[in-house]
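Novice: For the protein sequence lines, the chains are A and B, in the order given.
Under my numbering, the first residue of the first sequence is numbered 286, with each subsequent residue one higher.
Under my numbering, the first residue of the second sequence is numbered 286, with each subsequent residue one higher.
First the structure, then my questions, so here it is.
Protein chains: 2
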Amino acid sequence: MNPSTSAGYQERQELELDVTERWARREDLALLTDFYQLTMLSGYYRSGRAEVPACFEYFFRSLPPDAGFGVFAGLEQLLDLIENLHFNERDLEYLTSLGTFDDAFLRLLREFKPTATVYAAPEGSIVFPQEPIVRVEAPLAEAQLLETALLNSLNYPTLVATKAARLRQAAGEDYVMEFGVRRAQGPDGGLTGTRATFIGGADATSNVLAGKIYGIPVRGTHAHSWVMSFEDELAAFRAYAELFPENTLLLVDTYDTLTSGLPNAVRVFQEMRARGHTGRVAIRLDSGDIAKLSKAAHKMLTEAGFDNPLIVASNELDVDLIADLKRQGAKVNSWGVGTHLITASDAPALGGIYKLTAVKEPGGNWEPKLKTSSNPAKSTDPGPRRVVRHWDAEGRPLGDTLHLVGEGEQAPGSSHPDATSAVVTYADRMDPTFLRRLEGVATSRNLLELVMVGGARTHPSPPLVEVKERATREVASLPEEYRRLRNPHLYTVGLSPDLARVKNRLIRKLSGLNGLVQ
Amino acid sequence: MNPSTSAGYQERQELELDVTERWARREDLALLTDFYQLTMLSGYYRSGRAEVPACFEYFFRSLPPDAGFGVFAGLEQLLDLIENLHFNERDLEYLTSLGTFDDAFLRLLREFKPTATVYAAPEGSIVFPQEPIVRVEAPLAEAQLLETALLNSLNYPTLVATKAARLRQAAGEDYVMEFGVRRAQGPDGGLTGTRATFIGGADATSNVLAGKIYGIPVRGTHAHSWVMSFEDELAAFRAYAELFPENTLLLVDTYDTLTSGLPNAVRVFQEMRARGHTGRVAIRLDSGDIAKLSKAAHKMLTEAGFDNPLIVASNELDVDLIADLKRQGAKVNSWGVGTHLITASDAPALGGIYKLTAVKEPGGNWEPKLKTSSNPAKSTDPGPRRVVRHWDAEGRPLGDTLHLVGEGEQAPGSSHPDATSAVVTYADRMDPTFLRRLEGVATSRNLLELVMVGGARTHPSPPLVEVKERATREVASLPEEYRRLRNPHLYTVGLSPDLARVKNRLIRKLSGLNGLVQ
């Protein structure tokens, strides 16, 4: 981390933002949407339903494979996108060219201004399946319009922050660098994605653009091409050491690590020592048997009198591989992880969804809504819902419970002594110990906070380092059984009896409706 | 396709481009790079080697699983990026804040202008492992600087265009729509990615932004939320049919497809018919057993007198699933494919690399370079290389051969009667029939074309529809054994004897060097 430099840079704002910085603030992205959102939008306007207050909630049904928790990321980009949401003349010209929409609708789009109220878990929170992480309350048309952009803003960052947190579990206290921009899914994969890896557990990145835009520490030294561009490896290492005597990290596998790269590196480090340099020596291994080569490197370097060498490993690293290399006693203390981190390659998409959970009809009360399905796992809960998280006296999370908004609501942070009587768990995720565990509740708090009113943030977003600190703190608070790398415990998310009652009533009512149409 | 509308929109340029359009043109992306490119760059300047002419080549070592060919995409974005490459004041301010670089280097960056000469396969070409697809000739420092941005620009689009082409093999003549923006890896995943799916095989997209920026046809109707926002499904369908009588595609699985969605849809279509509508009826299935439900839907609709209904399927579709549904006789004629297409979920990164293959020392001739490795598959070929593709009299590709530039070079398009004597194949990919097949060569041509000189395009890029047509035509020209969905033939890429000789000589020389340092 180099927060001073980053903060210093972040504060200077005299120069006008450039295109990439404005893109990162999500300007001019109103058309980042599925076409059906616009046809539905025009339908809501033409049928006079556009202004009906609606509640939509963002949640995912399952975590990535072998993850026992999620780390929520992307909220900042979502709020930027909503605040900057307007249809510019280029957008309207394009929509006109499609010939699908009438002039009245296009005039409405021209005048569109976001008005949404948004509740969200703080960015960096640990989150779990089935619980609302973001709740949007807005006129039906507006809430609908936000769907695609919201999902695009949250799914990928949350996926990658979660992957980075699992990687952090494997790497322990070692330094982790994200090296993925060359394999990221587009330039933004290496920008949004890098930001999410930093939140979830990476210490630094190779991606200079992410350094510039988000103040993330950047790292890196040289590639094989540096070595290949010289007559031989020794000349390349000597030139590098002369140019960067304070940061002479040498890549030792261009030709052969044991017979060429390491002996040449040792010779150059000895030459530097003879010239009076006393800094820590550093090498990088980018191919071959990392366990064996790192031990050999450590031996050669320490035998030559270079204590505690920095040994960086890269090359297709992933969670299991790092865990296994550490188990083998690999002498690596810094990991450069690219492809598998930035693309979350074992499951490269999070299936987060955004579902209508209530509309406010003229009477003025929320009318809960749900979607049923022949696949019961795809039935949704009615809403609006809130999430209460419960902790024991040591600050360990015990589980979350879902409640209808307004039902039994207490002041944030209040204790919740009746937690055990207020819960039914999802039948398909039933944990018989949950109710017993809830007897140990010391604190209960709402997970979702008010972050936006009238389409504008209610308060400035926290600095990125605070988001990262939250994620680190919350992951560390989880009992080990949720953090292990294989077969983690399922964290319990229970339904309140009131919510369960409303859900069952609606399912019965919808079954009745099916009969009506026959 | 709706090329007229798109072209009409694309031609209008009176209004200034907005932020997203300028991002799509890759403006202000000089820092889309790995930090080590900048440290190496400063090293090349300080060691006086920055201006040494260098040749780098882009290639990949293997195709995604079960792919028998690749479809090259992303060239357009790469050329945009190079043409727009400069360090703006914001970039320089950030780099200054890092404290790593001296003023002299920062002044050089401020004055940097791209000068590269670039040869590339035309976008939309079929491409194969081990062969250079892009060759960059530029001063060493500049060519090095381009590495990260080039890989980021080409790897993901080529991966997704290749995936789309495999999907097209599975879908046959059916309509394919890309629905992935909500699961894409960032907003750009749903932009660069959508463009690549269109090149590789998709007919349309749901992504409005990709429609605006690239003129790709956009499609979509309504979601479950439309149905849920009404009192019941029938009211929702009736409202939709009234609002969009020309395009009444009804999503029938919000509650229950067979007992609710389909009966309600049939009733609404009957009401429309009674009002005089005669258009083709259309439904979408988004859950459940697509084979069974599509057959049931087809039966109910045709028995009600609606011939040839449009039946769209979506929901976690992928290549194998579509192939299997078609094998089961599913009555689907339009496929909406999201997550698995836009993220290429079975292998979400293409391992394309960009390697130094030659430098021009003061003497004036290219000096070939290669990287060796204890893993022989990671040794590279020396260069500069060109690729010759060979076709039989029916226009079917027979294989490609790699040659040193200048070695036996003939006029483009000339026949290549000595092909069989000019080839050795990669030992690890030896196809004993290759030399025999080459006896049938009717035409041989260079794959790489000159596309950029002095950092500027040599000619305007072709329209996107032409790129798509090239991909369609070239994939169709491949014999079936390279296009099948499992265990496709390996397309042969052979080395010319001269190239093989130079490679072997360099490997021997490098082994000697290893000895020297002991």
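The beta-carbon is built from N, C-alpha and C at its ideal position, and this holds for glycine as well.
Contact between the stretch 514 to 529 of chain A and the stretch 482 to 502 of chain A is defined here as three or more beta-carbon pairs at a separation below 8 angstroms; is this criterion met?
Specialist: No, the stretch 514 to 529 of chain A does not touch the stretch 482 to 502 of chain A.
Novice: Tell me, please, whether the stretch 594 to 609 of chain B touches the stretch 469 to 481 of chain B by the rule of three or more beta-carbon pairs shorter than 8 angstroms.
Specialist: Judged by Cβ distances under 8 angstroms, the stretch 594 to 609 of chain B makes no contact with the stretch 469 to 481 of chain B, as fewer than three pairs qualify.
Novice: For B:N492, which beta-bridge partners are listed by DSSP?
Specialist: Bridge partners of B:N492: A:D319.
Novice: Assign B:S514 to one of three DSSP states: helix, strand, or coil.
Specialist: Coil.
Novice: I'd like to know whether the C-beta atoms of A:D685 and A:R674 end up nearer to each other than 8 angstroms.
Specialist: Yes; because the gap between Cβ atoms is below 8 angstroms, this pair is in contact.
Novice: Give a yes or no on whether 8 angstroms exceeds the smallest Cβ distance from A:P338 to chain B.
Specialist: A:P338 does not count as touching chain B.
Novice: A:P745 CB to nearest chain B CB: under 8 angstroms?
Specialist: So, not an interface residue.
Novice: Counting only beta-carbon atoms, is A:E765 nearer than 8 angstroms to chain B?
Specialist: Chain B contact via Cβ: absent.
Novice: Residues bridged to B:H688 by DSSP?
Specialist: In the DSSP output, where bridge partners are listed per residue, B:H688 has B:R671.
Novice: Looking only at DSSP bridge pairs, what is B:I638 linked to?
Specialist: B:F344, per the DSSP bridge assignment.
Novice: When you compare the CB of A:D605 with every CB in chain B, is at least one pair closer than 8 angstroms?
Specialist: It does not; no Cβ of chain B falls within 8 angstroms.
Novice: Along the chain, which unbroken stretches of the alpha helix (DSSP H) at least 4 residues long are found entirely within the stretch 430 to 502 of chain A?
Specialist: Segments of the alpha helix (DSSP H) lying fully in the stretch 430 to 502 of chain A: 477 to 485 and 493 to 499.
Novice: Expressed to the nearest angstrom, what Euclidean distance is found between the alpha-carbon atoms of A:G451 and A:L435?
Specialist: Per the sequence presented here, residue 451 of chain A reads as Arg, with Gly not at that position. Those two C-alpha atoms are separated by around 24 angstroms.
Novice: Starting from the Cα of A:G355, find the closest Cα among A:K788, A:A756, A:G779 and A:R793 and give me that residue.
Specialist: Comparing Cα-Cα distances from A:G355 to each of A:K788, A:A756, A:G779 and A:R793, the minimum goes to A:A756.
Novice: Could you check whether the Cβ of B:S619 sits closer than 8 angstroms to any Cβ belonging to chain A?
Specialist: Chain A, which has no Cβ nearer than 8 angstroms to the Cβ of B:S619, makes this no.
Novice: So, at 8 angstroms on beta carbons, what are the nonlocal neighbours of A:V736 in its own chain, with the 5 sequence-adjacent residues on each side left out?
Specialist: Cβ within range, chain order: L360, L364, V403, Y404, A405, R742, T743 and H744.
Novice: Using three-state DSSP, classify B:A401 as helix, strand or coil.
Specialist: B:A401 falls in the coil class under three-state DSSP.
Novice: Have a look at A:V597 and B:L784 and give me their C-alpha separation to the nearest angstrom.
Specialist: Cα-Cα distance, rounded: 35 angstroms.
Novice: So, at 6 angstroms on beta carbons, what are the nonlocal neighbours of B:D677 in its own chain, with the 5 sequence-adjacent residues on each side left out?
Specialist: Counting only Cβ-Cβ distances below 6 angstroms, and skipping sequence neighbours, we find L683, G725 and A727.
Novice: Measuring alpha carbon to alpha carbon, tell me which residue in B:A520, B:G409, B:L323 and B:S572 is nearest B:P805.
Specialist: It is not possible to answer for residue 805 of chain B, since the shown part of chain B is limited to 286 through 803.
Novice: For the stretch 413 to 427 of chain B and the stretch 342 to 349 of chain B, state whether three or more C-beta atom pairs, one from each stretch, are separated by less than 8 angstroms.
Specialist: The stretch 413 to 427 of chain B, when compared against the stretch 342 to 349 of chain B, does touch it at the 8 angstroms Cβ threshold.
Novice: Tell me where the beta strand (DSSP E) around A:T305 begins and ends.
Specialist: First-last for A:T305: V304 to A309, but that is the alpha helix (DSSP H), not the beta strand (DSSP E).
Novice: Thinking C-beta only, is A:V644 closer than 8 angstroms to A:V337?
Specialist: Against a cut-off of 8 angstroms, the Cβ pair of A:V644 and A:V337 comes out as a contact.
Novice: One question on the structure: do A:Y639 and A:G353 come within less than 8 angstroms of each other, judged by their Cβ atoms?
Specialist: No, these two residues do not count as a Cβ contact at 8 angstroms.
Novice: Report yes or no: is there a C-beta of chain A within less than 8 angstroms of the C-beta of B:F555?
Specialist: Note that residue 555 of chain B is Gln in the sequence shown, not Phe. For B:Q555, the answer is no, since every Cβ of chain A falls outside 8 angstroms of its Cβ.
Novice: Let me make sure I understand the geometry here. Which of A:P633, A:I627 and A:L791 has the alpha-carbon closest to that of A:V461?
Specialist: That would be A:I627, whose Cα lies nearest to the Cα of A:V461.
Novice: Compute the Euclidean distance between the alpha carbons of A:R467 and B:L795, then round it to the nearest angstrom.
Specialist: Cα to Cα, the separation comes out at about 28 angstroms.
Novice: So, helix, strand or coil for A:T728, using DSSP?
Specialist: Three-state result, A:T728: strand.
Novice: Quick check for students: name the residue ranges of the alpha helix (DSSP H) that lie wholly in the stretch 367 to 391 of chain B, counting only runs of 4 or more.
Specialist: Runs of the alpha helix (DSSP H) inside the stretch 367 to 391 of chain B: 374 to 383.
Novice: Here's the rule: buried if 16 or more other CB atoms are within 10 angstroms of the residue's CB, otherwise exposed. What is B:G621?
Specialist: Counting Cβ neighbours within 10 Å, B:G621 comes out buried, since at least 16 surround it.
Novice: Report buried or exposed for B:V738, applying the criterion of at least 16 other Cβ atoms within 10 angstroms of its Cβ.
Specialist: Exposed.
Novice: Which whole runs of the alpha helix (DSSP H) in the stretch 563 to 636 of chain B are 4 residues long or more, in chain order?
Specialist: Taking only runs of at least 4 residues, the alpha helix (DSSP H) segments lying wholly in the stretch 563 to 636 of chain B are 575 to 588, 604 to 612 and 624 to 627.
Novice: By the DSSP assignment, the alpha helix (DSSP H) with A:E556 in it spans what residues?
Specialist: First-last of the alpha helix (DSSP H) with A:E556: L547 to A559.
Novice: For A:S382, which of B:R768, B:V493 and B:E518 has the nearest alpha-carbon?
Specialist: A:S382 has its Cα closest to that of B:V493, out of B:R768, B:V493 and B:E518.
Novice: Does the stretch 648 to 658 of chain A touch the stretch 381 to 400 of chain A, meaning 3 or more C-beta pairs lie closer than 8 angstroms?
Specialist: These segments do not touch.
Novice: According to DSSP, A:E652 sits in a beta bridge with which residue or residues?
Specialist: According to DSSP, A:E652 bridges with A:V644.
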